[in-house]
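Residue numbers (numbering that gives the first Met the number 0), protein chains in the order written: chain B, 0 to 223; chain F, 0 to 230; chain L, 0 to 289.
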Amino acid sequence: MARLTTRSALLVLADGRFPAGGHAHSGGAEAAVKAGRIRDAADLEAFCLGRLHTVGLTAAGLAAAAALGLDPYELDAAADARTPSPALRTAARRLGRQLMRAARAAWPDPELDALAAAFPGGAHQPVVLGAAARAAGLGPEDAAHCAAYETVGGPATAVVRLLGLDPYRATAVLARLAPVMDEVAARAATAAHGGVDALPAASAPLLDITAEQHAAWPVRLFAS
Amino acid sequence: MHLDHGHSHHGAVSADAHRPDGTRRALRIGLGGPVGSGKTATVAALCRQLRDTLSLAVVTNDIYTREDAEFLLREAVLPPERIRAVETGACPHTAIRDDISANLEAVEELEDAVGPLDLILVESGGDNLTATFSKGLVDAQVFVIDVAGGDDIPRKGGPGVTTADLLVVNKTDLAPHVGSDLGRMARDAAEQRGELPVAFTSLRSAEGVGPVAEWVRERLAAWTAAPAPTA
Amino acid sequence: MSLRATARIAAGADGSLPVLESDGPLALRRTRAAVPGWARVTVVGAMSAPLGGDRLAIETEVRERARLRVDSAAATLALPGRTADPADYELRLRVGPDGVLRWLPEQLVSAHGSDLRVRTTVELAATARLVLREEQVLGRHGEPPGTLVSRLTVRRAGRPLLDQELAYGPGAPGGWDGGAVLAGHRATGQLLVVDPAYGAGPPAARPLGEHAVLTPLAGPAVLVTAVAPDALALRRVLDAALDELAPEPAGSGCTAQRIPHSGYGFGKETRVRNDEMAPLAKGSPEHVNT
């Protein structure tokens, strides 16, 4: 039963070039930039730190649980309950479907096929991420790391594009947050071992509020 | 896992020529090219030329979401449900080449929603000369440049000019005004492209897009004449 | 001295309250509900003092076809205790078939130095209705906030409907005051309305001004999420949403009893109230279990 842990598979899955649609999502950064809440690297760091401890932890928990093989229906329902914004639920399912496409090409696996068939409109992205990690031979903590990293990697890249922020400073923000990502991933993986009811549900009011505003903009660069 | 392990093709392979029900999917043609060369105008003109005889739909990839989609809607070239805009996160070339997943979602959703379709036009956001479509997304691609952008563009080459299945040199009516030499552009293009076709267009008249429309019909005929799909 | 106390409420279909048990600082009063068939309970004064180390709980059961409104006489003020332990405050709410619960307490104010964990668990029958308001205020006027971790879990017919946890203050993980979470706002809150009638089509998502949003959940429910510079501004947004989504039942005395300055003008005035009520909490040892 023990799956081989392959560190390089984790790099493939976590790579920003993995074609799963993430590049078009800012994780709320586009709205925060417009509202003046992100103006520089320090704001970006605070924004990313907040994301990590809220939606990042929640996503990491779901991903870890899916990687452990917990019931994906229950996990998807848990993800719905943790995502009050319909714009973010839609984005999560769309990204889930996009990730599923890439994951099935990368790591063909009957469990992924079954998950895709069960959720033709897409399961929540963290659930698919965990399943993809599982198909790649990775474990729950790997999946949680990947989710945590995505939580901040997306906004950092988006802010580089939106503000012309020095990419070295943006990368330094990510590097400074690395220990927090580790901590969040560890917490998420530990929680996942406790079952669906033990999963974190940390939320961020402003992300929910601005997601709906952003979705209604007539003109925007990022999908969310 | 309490999942049905039934096999599904849904969204599995991007270049698969079949829809999940085993029928042949629509032909997908990409239109790329630099900003302002007339991609959206070409798409609009193609829709007007082809919509009476073909079932077609359009996916746009704007730098700013919806701008091109809204132009097409305003011009009423197609019913709104046949036009989808894909957000590109400020990187339109990424969405058509490196990570095509959002565009694949869009074309498949269009086929599910309004299908069956004969043809889907995928318009790239205005980008640079290096932006080309992934073969995982489109079956053929058109690269649109214009005479006002300089008559040395064909000579400069680049992946779009050299490898596109059709090179369109647009706004030929402007050539005398901007001092572009159409003959030189044709010679340079032929040198860069070998046997690959080049079309010179002016969209000032409704028939101006004719050569492109003709090429599209040929591609479509070849697509449908290909061996019948086996599910 | 830390307290352990569990108060209990049960509402019956005929407007009765078969269970109404105060405990320690949690004093419950039956108050007047103008609409026949409704019961109303007000948590008075002593609710305003979860101190560090306290473990307080309120269990509420709305039985089949019962209709209950629960409110509070003043804002709940989380205060630092003598021990370093956080205070625990647990709210366990159950609503049976065709039951209705309107849970509309005043704000929770996290005073400087306080550390409170709130756990609200709601179990709804498929045909139950719920209106639930939560408001958190980050510190009394002009003071930095204490720590709060507040989780709200709502299950309907055994399925998760809403699960959210908000954390802020010096004891919370970082980033809570950054651009993703609260961004300097000093009040935040939610209004949840669950109604099986929404099954046909809940209201569409829409912004309520710049700092609030109405969102249909993945179930027959609507959530209003808001941040605001202060409790007054927050209440204004949530009240407007409440009036639109789930107005007080017609003829109910509850509307008339919504006193404009009792709860959310919690500045000096409410601090006085809490000071008055604090002795109530500490001076009733006969109700203290531990």
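Every residue, glycine too, gets a C-beta built ideally from N, C-alpha and C.
Members of the region 39-64 of chain B near chain L, C-beta cut-off 7 Å: Asp-42, Ala-45, Phe-46, Leu-48, Gly-49, Arg-50, Leu-51, His-52, Thr-53
Beta-carbon within less than 8 Å of Ala-232 of chain L's beta-carbon, same chain only, minus the 5 sequence neighbours each way: which residues are those? Ala-186
Is there at least one Cβ from chain B nearer than 9 Å to Leu-103 of chain F's Cβ? yes
Please check if any C-beta of chain F sits within less than 9 Å of the C-beta of Ala-34 of chain B. no
I need the DSSP call for Asp-14 of chain B, collapsed to helix, strand or coil. coil
Three-state class that DSSP yields for Thr-223 of chain F in the structure shown: helix
Could you please tell me which residues of the region 85-111 of chain F, in chain order, have their CB closer than 8 Å to any CB of chain B? Val-85, Glu-86, Thr-87, Gly-88, Ala-89, Cys-90, Thr-93, Ala-94, Asp-97, Asp-98, Ile-99, Ser-100, Ala-101, Leu-103, Glu-104
Can you tell which of B:Asp-79, B:Asp-70, B:Gly-20, B:Ala-169 has the C-alpha that lies nearest to the C-alpha of Ser-202 of chain B? B:Asp-79
Just checking my contact of Ala-204 of chain L with Ala-59 of chain B at CB under 8 Å: how many whole Å lie between their CB atoms? Going by Cβ atoms, the distance from Ala-204 of chain L to Ala-59 of chain B rounds to 26 Å, so no, they are not a contact pair.
Using a Cβ-Cβ cut-off of 9 Å, state whether His-144 of chain B counts as contacting chain F. no
Looking at the C-beta of Thr-82 of chain B, does it have a partner C-beta in chain L at a distance below 9 Å? yes
Report yes or no: is there a C-beta of chain F within less than 9 Å of the C-beta of Leu-18 of chain B? Looking at the sequence itself, residue 18 of chain B is Pro, so the reference to Leu does not match. It does: the Cβ of Pro-18 of chain B has a partner Cβ on chain F nearer than 9 Å.
Going by DSSP, which residues form a beta bridge with Ser-71 of chain L? L:Val-42
Could you confirm whether any beta carbon from chain F is found closer than 9 Å to the beta carbon of Ser-202 of chain B? no
Quick one: using the 10 Å Cβ neighbour count with 16 as the cut-off for buried, is Val-40 of chain L buried or exposed? buried
Residue interval of the beta strand (DSSP E) (run including Asn-60 of chain F): 55-60
Against chain F, does Leu-87 of chain B count as a neighbour if the rule is that its beta carbon must be under 9 Å from one of theirs? no
Range covered by the beta strand (DSSP E) that runs through Val-221 of chain L: 220-227
Just the chain L side, please: which residues come within less than 9 Å of Gly-27 of chain B by C-beta, in chain order? Gly-178, Ala-179
Give a yes or no on whether the minimum CB-CB distance between Gly-5 of chain F and chain B is below 9 Å. Low per-residue confidence applies at Gly-5 of chain F: pLDDT is 41, beneath 50, and the placement is therefore not dependable, though the value from the model is reported in the following sentence. Yes, Gly-5 of chain F lies at the interface with chain B (some Cβ there is under 9 Å from its Cβ).
Per-residue contacts from Glu-66 of chain F into chain B (C-beta, under 8 Å): Val-218
Using 8 Å as the threshold, is the region 121-128 of chain F in touch with the region 82-96 of chain F, meaning 3 or more CB pairs across them? yes
Give me the residue from B:His-52, B:His-192, B:Ala-31, B:Thr-89 with the minimum Cα distance to Ala-63 of chain B. B:His-192
Within-9 Å CB hit, Leu-10 of chain B to chain F: no
Within the same chain, show all residues whose beta-carbon is closer than 7 Å to that of Ala-147 of chain B, passing over the 5 residues directly before and after it, in chain order. Leu-51, Gly-55, Ala-59, Met-180, Val-183, Ala-184
Ends of the beta strand (DSSP E) at Phe-199 of chain F? 197-199
Strand pairing of Phe-118 of chain B, partner residues [DSSP]: Per DSSP, none; premise fails for Phe-118 of chain B.
Just to confirm my understanding: we take Ala-169 of chain B, look at its own chain, exclude 5 residues before and 5 after, and list those with CB closer than 8 Å. What are they? Ala-40, Leu-43, Ala-155, Thr-156, Val-158, Val-159
Evaluate the contact criterion for the region 81-98 of chain B versus the region 155-168 of chain L: three or more CB pairs, one atom per stretch, below 8 Å. yes
When you compare each of L:Ala-225, L:Leu-16, L:Asp-13 to Arg-132 of chain L by their alpha carbons, which one comes out closest? L:Ala-225
So Arg-27 of chain F and Ala-16 of chain F are supposed to be a Cβ contact under 8 Å. How far apart are they, rounded? Their Cβ separation, rounded to whole angstroms, is 10 Å, which puts Arg-27 of chain F and Ala-16 of chain F out of contact at 8 Å.
Run down chain B in chain order and give the residues with a C-beta less than 9 Å from the C-beta of Val-226 of chain L. Pro-204, Leu-205, Ile-208
Same chain, Cβ closer than 6 Å to Lys-38 of chain F, neighbours up to 5 away in sequence not counted: Leu-30, Gly-32, Glu-122, Val-143
Nearest residue (CA-CA) to Pro-201 of chain L, options L:Val-212, L:Ala-220, L:Leu-191, L:Glu-209: L:Ala-220
Chain L residues whose Cβ lies nearer than 9 Å to that of Glu-211 of chain B: Ala-204, Arg-205, Pro-206, Val-212, Leu-213, Thr-214
At least three beta-carbon pairs within less than 8 Å, the region 130-148 of chain F to the region 167-179 of chain F: yes
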